[in-house]
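In our numbering, the protein residues as written are 3 to 1261.
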């Protein structure tokens, strides 16, 4: 029996199993199916399928086989929803506008209500989005405070407000036609009409012109015969009156029909009366504060506010004008008591049940005034970028930027305003923010009165005159005569306890400059340098010494001041780092007693208790606490805001004896001291080191002297190195404060806010700016002069331009153009280096000035001042019959013939030749000849001066005025030069050879070359003119010249009164073109959606709007958005760092790309700012810091991430939160709820801990 062999089969593989693996797409996951087979994938093999053409698919589905369409499936076509019947809802309709109102009738003397009268209201359909009138109804309560960017502002005061009827019924180009009155005789646009009655008809009614009388002078059948007859008449005069008729002249092109109105022909021209001088409008009224106000309490028996002290004279004068509801400008010295005027205005508004707005330039001053006014009045609110307290109060304290935003947004708070108080008005000189003051002053409505408070400024009357003309109301200027606490200025040269007495008086309290004190300081410095072999800047005059020397100087100075009881003291140092170094170096100085230390400790504990535990242990907090316990303090922008407020409060209590501060302490905080010390008289202004300006010095030195406590204030200037020059010290100490200067500039926010309102124009804003005031203040005089010239032009006789005189107008224009072209070439010659070299002593020139017409002269001396060169020149002239310049008159050229215009028809004396010495400006040199004389200028000038002195002596002695040549002969040098000039003028009557600008002086400027070619062309045209051959040429030329000069002056006046004369008009057109290119406005100037969004931004409006519309922020998280936006508000430049996440790096690149695109559009539209400058305004140095802060990092850890001072970091985050809120509002406006929610979240993440700790002034 065979044994069956057992077969060994291999184990089954994956392919033998009854399963199949399927790869699911690209996710890397697999699935098992209960089917045998090889592994498969759900991904298709080969090329991806193409999508079918939509058009073919639509045709196939709907046109080729429409049977599948459910045309007859009605089962789902009718649906019904049950609705609850509510008939009462039909009665809930919006009420119609109230057509009438009740007005109380009062007794004119007592004010008692006698009854009520119903009056009809007009235009009750107004709204905040269609009208600028105060009669429009208020907006929603939620928008009553801040307004809305879509609302119109109220009509600015001082502008001619159009009536509501005109705005609603008439468009810009629409003309009202009266169909019931004289339409058949007076056409629309004319003031007079035409009477079609026959000739023998009686005289037309007044106001009508007779057509027959107008046609009488016209000879329609004359033609060539009349022309030949006119030419052949002797004298060239015509017998007809066509030329004398104003109707025969061609009508000039005019912009309106009013300019083309026909005048009646008058046979007798009455002599024109001399124009009456325009009454000088006086808008700025200076108030006399030297005489006492004796009847103050009789005029104001019940003042709205009373003080525990007697007000000064200037305060009483201001209060009297406030009671009359006048606007005032109080320019008083520091610590004089300007706040008294503001307090009375607030009390007066509370008495009248109106509101007051108090504006300040910086947030710190707003917080301080809020505390002071709240303690005085109680009903006070505060509105800053991040704080909103009691907005319903009668007195609102805010920054000027917030008031501008409320004005543009049409806030209903403006309705109730009676006063707006502008504190620290001299801040208008700030280059960045000064424009805000001008915008607010221009946009304030007419019912709001203005109170301006400022330090003493030289041009207070000019500034008040601008505001008065702007608002068409008188501004009363009240200035103080002297400081209430006089100042004494000293130089300190000590540096050790042995030399602590080296304090030298430089300027006493009466304003006398002591040179003896200056030289004593110089000698003391020299003696110590020689005795101790110390340099103190001898080798390096600008060296200020190191920390060790500073420590010795301050220890000796403070010891001297402490001995003299002249503490507290403010030390102004123009560097944040030096402030910290100087305070930290005084480790051995302790100025407080044990009781004062206890009080300081308790105050610190109470103020710092509101901070979290880690924030109390910040290095800056610990260091400042240690300094304060010893009576020292530091105040600058790098200090945390809560620490600065602690320092200010302790300083006001007298517990801080020595305060090291920067210039901002003098600008914003009103806290005087006993003594002020200047660490140096030089500062860095952002570009270079320079000496302090007198205005800056006065502003900081004014903090010395406490009213009622100190008899005098002490100002000390430290001389660490060499003693400054006396001239520099005298200029700085005795100089005048800085003038108020306009910093007006165009911003996109301003342009968009005005473009969205049809009734307001940007040109009107520019016209009313302080920068345009010098050219616009004489507009009334210009208008009167234009009217007088218009009347004069009508009375002038028309020149006869017939026959050979046809080209007379062209001849006149050629001559004028030739003169202008030569003047332009000569100006380029004078400005060139070779031209100035040629104008050396001995050069013969042609002089054309007010006293001399084409007279030869030789240059005797050239001034060394390169900015305004003066050429002392000996000039030929006639022997005068009278030496009185008024009797001599000026040289008036006659009728110019071609020889006069083409060349220089030189002046030749008609009688005896004389000479004079004149100081010529470059514009007085008409031509530079090729002739050069050898002259001794000093000798000739000495001789001429000697002879002038003899004439003066003769006048004083009463002798005859003229001394003959025998008695007063000129020297031989003078006689020789005069004879040579006379001989040269006789040899070249048409002018000697002149230097060619291109060939001789090597001027290759295009304007010079083209000007020379144009001048030669004009000379050819002038030589070929036919009008000069007519015997009537002189008389007719004089008529034409007089007429053309009048027209030219009229064109100049029209230009000055027009928008074309605005300095910023070209830039305005360029910025509008930028907005048009980016899509913010359309071709007609209408603001589009992007422009309305940009109006809601407070800064960087274009960049933020572009980022929003490009969706560059929507995909980011809130903390990432906040970090990127920090580059727009950060003030400290720095590198972004390499530790940023990739998302932030890409975001920074995208923001810079958008900024670059905007910069390129600006350059393409003609703006001066380069792309690099525009992009360079972004600083992304704190992106990482803000990102970590938004993610919750404590501030104690945050301070170590960047070298930026803590105060600047806090300021950046605070401004960033304001920007997030503005972006949130813009996102809601554009319909982006997701972005709006992210910006709300970002602002919430930023607002925490020490960065947004509540101000101590508001608690």
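Just so it is clear, CB atoms sit at the ideal spot from N, CA and C, and this is done for glycine as well.
Quick check on this structure: which residue in the options has the alpha carbon closest to the alpha carbon of residue i?
{"i": "residue 1327", "options": "1241, 1213, 1219, 1218", "result": "Lying outside 3 to 1261, the shown extent of the chain, residue 1327 is not represented and no answer is given."}
{"i": "residue 1214", "options": "455, 651, 1134", "result": "1134"}
{"i": "residue 641", "options": "659, 622, 652, 656", "result": "622"}
{"i": "residue 423", "options": "363, 638, 470, 711", "result": "363"}
{"i": "residue 367", "options": "650, 691, 920, 453", "result": "650"}
{"i": "residue 564", "options": "503, 752, 933, 398", "result": "503"}
{"i": "residue 877", "options": "810, 573, 775, 984", "result": "984"}
{"i": "residue 351", "options": "425, 451, 286", "result": "451"}
{"i": "residue 871", "options": "639, 65, 904, 925", "result": "925"}
{"i": "residue 587", "options": "567, 625, 612", "result": "625"}
Going by other Cβ atoms of all chains shown within 10 Å of its Cβ, with 16 needed for buried, is residue i buried or exposed?
{"i": "residue 324", "result": "buried"}
{"i": "residue 93", "result": "exposed"}
{"i": "residue 421", "result": "buried"}
{"i": "residue 299", "result": "exposed"}
{"i": "residue 321", "result": "buried"}
{"i": "residue 2", "result": "The requested residue 2 is not part of the displayed model; the chain covers only 3 to 1261."}
{"i": "residue 685", "result": "buried"}
{"i": "residue 131", "result": "exposed"}
{"i": "residue 311", "result": "exposed"}
{"i": "residue 541", "result": "Because the pLDDT at residue 541 is just 41, under 50, the model does not fix this residue reliably, and the value given afterwards should be weighed accordingly. Under this definition residue 541 is an exposed residue."}
{"i": "residue 1057", "result": "exposed"}
{"i": "residue 1108", "result": "buried"}
{"i": "residue 203", "result": "With a pLDDT of only 47 at residue 203, under the threshold of 50, the placement of this residue in the model should not be trusted, and no figure is reported."}
{"i": "residue 111", "result": "exposed"}
{"i": "residue 1099", "result": "buried"}
When the Cα atoms are used, what is the spatial distance from residue i to residue j?
{"i": "residue 739", "j": "residue 462", "result": "11 Å"}
{"i": "residue 846", "j": "residue 986", "result": "10 Å"}
{"i": "residue 737", "j": "residue 453", "result": "27 Å"}
{"i": "residue 866", "j": "residue 977", "result": "27 Å"}
{"i": "residue 315", "j": "residue 778", "result": "35 Å"}
{"i": "residue 558", "j": "residue 550", "result": "13 Å"}
{"i": "residue 1263", "j": "residue 472", "result": "Lying outside 3 to 1261, the shown extent of the chain, residue 1263 is not represented and no answer is given."}
{"i": "residue 336", "j": "residue 317", "result": "14 Å"}
{"i": "residue 1210", "j": "residue 1180", "result": "16 Å"}
{"i": "residue 1224", "j": "residue 750", "result": "16 Å"}
{"i": "residue 971", "j": "residue 506", "result": "58 Å"}
{"i": "residue 875", "j": "residue 864", "result": "9 Å"}
{"i": "residue 1175", "j": "residue 783", "result": "43 Å"}
{"i": "residue 500", "j": "residue 556", "result": "13 Å"}
{"i": "residue 432", "j": "residue 142", "result": "36 Å"}
{"i": "residue 948", "j": "residue 973", "result": "11 Å"}
Between residue i and chain C, is there a C-beta pair that is closer than 8 Å?
{"i": "residue 137", "result": "Within the model displayed, chain C is absent; a lone protein chain is all it includes."}
For this session: Please list the segments of the alpha helix (DSSP H) lying wholly inside the region 457-482, counting only runs of 4 or more residues, in order along the chain.
Result: Note on the region 457-482: whole alpha helix (DSSP H) runs with a minimum of 4 residues are 462-473, in chain order.
Problem set entry | Inside the region 291-371 only - alpha helix (DSSP H) runs reaching at least 4 residues | Along the region 291-371, the alpha helix (DSSP H) occurs as fully enclosed runs of 4 or more residues at 298-301, 315-325, 341-354, listed in sequence order.
Exercise. Would the region 484-500 and the region 710-720 be scored as touching if the rule is three or more Cβ pairs under 8 Å?
Worked result: Because the criterion of three Cβ pairs below 8 Å is met, the region 484-500 and the region 710-720 touch.
Exercise. Using 8 Å as the Cβ pair cut-off and three pairs as the minimum, do the region 701-709 and the region 655-671 touch?
Worked result: By the Cβ test, the region 701-709 is in contact with the region 655-671, since at least three Cβ pairs between them sit closer than 8 Å.
Exercise. Counting pairs of beta carbons, one from the region 1140-1150 and one from the region 1164-1174, are three or more of them closer than 8 Å?
Worked result: At 8 Å Cβ cutoff, the stretches do not touch.
For this session: Specify whether the region 1025-1044 and the region 800-814 touch according to this definition: at least 3 beta carbon pairs, one from each stretch, less than 8 Å apart.
Result: Look at the beta carbons and you see the region 1025-1044 touching the region 800-814: at least three pairs across the two are nearer than 8 Å.
Exercise. Touching or not, the region 433-450 and the region 758-772, by the rule of three or more beta carbon pairs under 8 Å?
Worked result: A contact is defined here as three or more CB-CB pairs under 8 Å, and the region 433-450 meets this definition with respect to the region 758-772.
For this session: Within the region 370-423, note down every full alpha helix (DSSP H) run reaching 4 residues or more, in order along the chain.
Result: Counting only runs of 4 or more residues that sit fully inside the region 370-423, the alpha helix (DSSP H) segments are 402-410, in chain order.
Exercise. Taking three-plus beta-carbon pairs below 8 Å as touching, is the region 399-414 in contact with the region 145-154?
Worked result: Touching, yes, given that three or more Cβ pairs across the two stretches are closer than 8 Å.
Exercise. Is the region 1037-1054 close to the region 748-764, with three or more CB pairs under 8 Å?
Worked result: Two segments are said to touch when three or more pairs of C-beta atoms, one from each, lie closer than 8 Å; by this definition the region 1037-1054 does not touch the region 748-764.
Exercise. If we count Cβ pairs, one from each stretch, closer than 8 Å, do we get three or more for the region 831-845 versus the region 936-949?
Worked result: The region 831-845 vs the region 936-949: in contact.
Exercise. Is it true that the region 615-633 meets the region 581-593, where meeting means three or more beta-carbon pairs spaced less than 8 Å apart?
Worked result: These segments touch.
For this session: Check whether the region 1229-1247 touches the region 1152-1166, taking contact to mean three or more Cβ pairs, one atom from each stretch, closer than 8 Å.
Result: Contact check between the region 1229-1247 and the region 1152-1166: fewer than three CB pairs, one atom from each, fall below 8 Å, which does not count as touching.
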